[in-house]
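Residue numbering for the sequence shown follows the numbering used here, beginning at 22 and increasing consecutively.
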Amino acid sequence: MATERIKITKTFDNKDVHHAPVTVILKGPTENEDNLTIFVEAPLFNDPNDPGGISGQPFDTIWEYEVVEVFLLNDQDNYLEVILSPHGQHYVLIQGGYRNKLKVEMPIEYTTTKEETRWSGKAIIPGSYLPPKVTKWNVYAMHGTGETRHFESLHGDINGKHEKPDFHDLSLFGPIDMGRILPNNWSQEYYSSDEWRDYL
């Protein structure tokens, strides 16, 4: 099965990251599935601490805590946003254009394992959650609070466009061959996806 593996080595404003990099792996489906699996391997800063909530369930405002975020975008600016916490909470939503939420708190299977200084996560995303014909993506990691909050990204703001990080700047996203990883995402039948049918 096809995979895509990346490491985040830069901050949003294109400075070097001074810790072990966050690794994210996308894994395509087996023969009898139509899921995209996201694996995370990352340092555990515990900053901020566990926000509470139920492990494996959606948690509103989780993006204000320690998280890894994966965005999957098509050429019509429709995108899936997956936010994953080391403590087991998540928040998954689809957006139709810049910060235009269509559906929120979408359920996924998500489990994590924590050690003293590292954590790993596994999220199983139904293929129907992705917008048709994904062509671009970005991956972000955040930890810390206030003035010491760190914003890291796979494809960052190399031209100094933003005074503050904007993870929804779709012009910063880089290419991905989703047809290789999740072939059904590029099939003609995919336009009948239950999650996107009303918005396309």
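Glycine residues also receive a C-beta, built at the ideal position from the N, C-alpha and C atoms.
Bear in mind the structure is a predicted one, so any value in this text is a computation, not a measurement.
Contacts around residue i, its chain only, beta-carbon distance under 6 Å, and the 5 residues preceding and following it disregarded
i	result
Asp190	none
Tyr212	Pro153
Ile179	Asn35
Ser76	Gly109
Pro223	No information on residue 223 is available, as it lies outside the stretch 22 to 221 that the chain covers here.
Thr58	Lys48, Ile145
Ser174	Phe33, Tyr161
Lys182	none
Opening and closing residue of the alpha helix (DSSP H) in which residue i lies
i	result
Arg201	199-202
Residues of its chain near residue i, where Cβ-Cβ distance is below 8 Å and the 5 sequence neighbours each way are ignored
i	result
Asn156	Residue identity check: residue 156 is Thr in the sequence provided, not Asn. Hits under 8 Å: Leu94, Asn95, Asp96, Pro196, Ile197, Met199.
Glu136	Leu65
Continuous beta strand (DSSP E) stretch holding residue i: start and end
i	result
Trp207	Segment: none, Trp207 is in no beta strand (DSSP E) and carries neither H nor E.
Thr1	Residue 1 cannot be examined here, being either before or after the span of the chain that is shown, 22 to 221.
Met163	155-164
Gly142	139-147
Gly117	111-117
Ile59	56-64
Phe33	Segment: none, Phe33 is in no beta strand (DSSP E) and carries neither H nor E.
Leu123	122-124
Leu47	43-48
Nearest candidate by alpha-carbon position, reference residue i, set the options
i	options	result
Val125	Ser141, Val103, His39	Val103
Val113	Asp68, Pro107, Tyr100	Tyr100
Pro98	Phe80, Ser76, Asp81, Asn121	Note that residue 98 corresponds to Asp in the displayed sequence, not to Pro. When only C-alpha atoms are compared, the closest one is Asn121.
Leu203	Thr133, Leu47, Val43	Leu47
Asn53	Lys31, Asn205, Pro186	Asn205
Asn56	Gln209, Ala23, Tyr119, Ser141	Ala23
Ile29	Phe60, Ser214, His176, Ile146	His176
Met163	Asp81, Val38, Trp207, Gly73	Val38
Ser149	Arg218, Ser174, Arg201, Thr169	Arg218
Phe60	Thr132, Thr138, Asp187	Thr132
Ile129	Ile83, Gln78, Phe92, Gly142	Gln78
Arg139	Asn159, Thr44, Phe188	Thr44
Pro50	Phe172, Asp81, Asp187, Pro147	Pro147
Cutoff 7 Å; reference residue i; Cβ partners in own chain excluding five residues on either side
i	result
His40	Pro64
Leu123	Ile115, Gln116, Gly117, Tyr220
Asp71	His108
Bridge partners - residue i, DSSP secondary structure assignment
i	result
Thr134	Ser141
Asn99	Gly117
Ile104	Glu90, Tyr112
Asp37	Lys31
Thr51	The partner list for Thr51 (beta bridge, DSSP) is empty, contrary to what the question assumes.
Arg218	Its beta-bridge partners do not exist; DSSP assigns none.
Glu25	Leu47
Gly195	Trp158
CB contact check: residue i to chain B, cutoff 8 Å
i	result
Lys185	Among the protein chains of the structure shown there is no chain B, as only one such chain exists.
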